[in-house]
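Asker: Residue numbers (the working numbering), protein chains in the order written: chain A, 72 to 306; chain B, 10 to 243.
All residues carry an ideal CB built from backbone N, CA and C; glycine is no exception.
Just passing along the structure, written as structure tokens.
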């Protein structure tokens, strides 16, 4: 298992495009916001966008990365070959999830560092709550990605599904309009990243997130994971 | 000692019968060939042996184990080379070998196996940069890395140049001389005649002929194959 995880980590490091999109791009986006002097209601744009950028990392690795990896391994019969060895195919998928979770959390820490050191965004005041929400948001995105990878017939279709989902997920996280109208906000609080981004915002401002946010994130994680396991196509 | 027993194996996919009441046994240390045209049921048979598919009917024992119920034990003893099974593009040859070696308690010597398959100077080459023949040789190496007692090799030498083919044959001979039982799925009659102790020729999911290549050859194994499988039933 350790060897599989190390191997998957090495393979991810060798994917320049994935690293650019999931690591460099969010930090660059934050920096652009940081260079802008505008703000909303006295709050600098960079502070408003930091939770959005953190949500973006989860989407990049979870919903866009994992499905392509999992479906690609199936399509290329890598899972099938592993099924004939003592390792079995489950462990390599687990290794992909572990590696992605670690990278998402590391990239989240990186964004916090860029915000703090570059633009003076305060670190999350409710630190424990922030860590909990960050992990849960990442888990929800990985579970959703796993579900797509579980049922998508090819890496191509998995990638397409991830890209299509990117827009609604990030819309409710506030990527295009940080301030959603009351109606969209109401819908958004039931989407994983609508709940996740708001909960990140709350913990950054110092308060414990609304319990509903935890329920929404845990619910999405659980439902997607159960469906993925139930409907996983090994070949 | 019997390494593999298959009794009354049947498998259908929807209305299509892939394997129909197939029985055979492979002795320990034997090289057993499975021949047949595309769609004759060879790969389905092999998949059932490897525990990748559940038979509809029939009894299978591989090293005395049930491929489905005892799959955990069987995976330790069985080396399988599948058709069209790839590796991640950016994984190097040496990394793939080390990864697969880590799955087994007593793996074979990686450098020795790479040398035998003429891959030593490709150790640090990524999978996607390998030629078709090199990928095939790596696939064979991965099937043998766990020192299997039984090896199932599907289309062993497809894509190999004549020299690599002869070298691979020699490797298979050597492995058999160490007591490994080998099931060889092949389209090449010269390969079957050269390596196999016995062959089963499959047609439409059934075994059309079974015996030593020399005994079946009339006058060559290929003529026998064409005579047995060439006509279409319609």
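Which one of A:273, A:285, A:247, A:206 has the shortest CA to CA distance from residue 129 of chain A?
Answerer: A:206
Asker: Where DSSP assigns a beta bridge to residue 220 of chain B, which residues make up the other side?
Answerer: Residue 220 of chain B pairs with B:208.
Asker: Under 8 Å between beta-carbons, which chain B residues line up against residue 168 of chain A? List them in chain order, please.
Answerer: What residue 168 of chain A touches in chain B: nothing, since even the nearest Cβ is about 16 Å away.
Asker: Which bits of chain A does residue 140 of chain B rub up against, with CB to CB less than 9 Å?
Answerer: For residue 140 of chain B, no chain A residue has a Cβ inside 9 Å of its Cβ, as the nearest lies near 17 Å away.
Asker: Distance check for residue 253 of chain A and residue 76 of chain A, CA to CA, integer angstroms please.
Answerer: 44 Å
Asker: Between which two residues does the beta strand (DSSP E) harbouring residue 109 of chain B extend?
Answerer: Where residue 109 of chain B is concerned, there is no enclosing beta strand (DSSP E), although the alpha helix (DSSP H) it sits in stretches over 102-110.
Asker: Roughly how many angstroms lie between the CA atoms of residue 27 of chain B and residue 64 of chain B, to the nearest whole one?
Answerer: 10 Å
Asker: Rank B:86, B:219, B:231, B:92 by C-alpha distance to the C-alpha of residue 155 of chain B and give the top, closest one.
Answerer: B:86
Asker: If I measure Cβ to Cβ from residue 139 of chain A and keep anything under 8 Å in the same chain, skipping five residues before and after, which residues do I get?
Answerer: Contacts found: 220, 226, 229, 230, 233.
Asker: Specify the secondary structure class of residue 196 of chain B as computed by DSSP and reduced to three states.
Answerer: coil
Asker: Throw me the rounded Cβ distance for the residue 111 of chain A and residue 249 of chain A pair, which I believe falls under 8 Å.
Answerer: 7 Å
Asker: Considering just the uninterrupted stretch of the alpha helix (DSSP H) at residue 159 of chain A, what are its terminal residues?
Answerer: 159-184
Asker: Taking the alpha-carbon of residue 211 of chain A as reference, which of A:153, A:296, A:166, A:80 has the nearest alpha-carbon?
Answerer: A:296
Asker: Could you give the residue range of the alpha helix (DSSP H) that holds residue 130 of chain A?
Answerer: In the DSSP annotation of this structure, residue 130 of chain A is not part of any alpha helix (DSSP H), being labelled neither H nor E.
Asker: Can you tell me whether residue 38 of chain B is helix, strand or coil according to DSSP?
Answerer: coil
Asker: Taking beta-carbon pairs under 8 Å, can you tell me which members of the region 90-112 of chain B lie near chain A?
Answerer: 91, 93, 94, 95, 96, 97, 99, 100, 104, 107, 108, 109, 111, 112
Asker: If we call anything under 8 Å between Cβ atoms a contact, is residue 100 of chain B one with residue 82 of chain A?
Answerer: Going by C-beta atoms, residue 100 of chain B is nearer than 8 Å to residue 82 of chain A.
Asker: Applying the 10 Å Cβ sphere with the 16-neighbour rule, what's the burial state of residue 10 of chain B?
Answerer: Residue 10 of chain B comes out exposed.
Asker: Going by DSSP, what residues sit across from residue 33 of chain B in a beta bridge?
Answerer: B:15
Asker: Are any of the Cβ atoms in chain A nearer than 8 Å to that of residue 47 of chain B?
Answerer: no
Asker: Does chain B have any CB closer than 8 Å to the CB of residue 82 of chain A?
Answerer: yes
Asker: For the pair the region 118-128 of chain A and the region 269-280 of chain A, tell me if three or more CB-CB distances fall below 8 Å.
Answerer: Between the region 118-128 of chain A and the region 269-280 of chain A, the count of Cβ pairs shorter than 8 Å is three or higher; the stretches touch.
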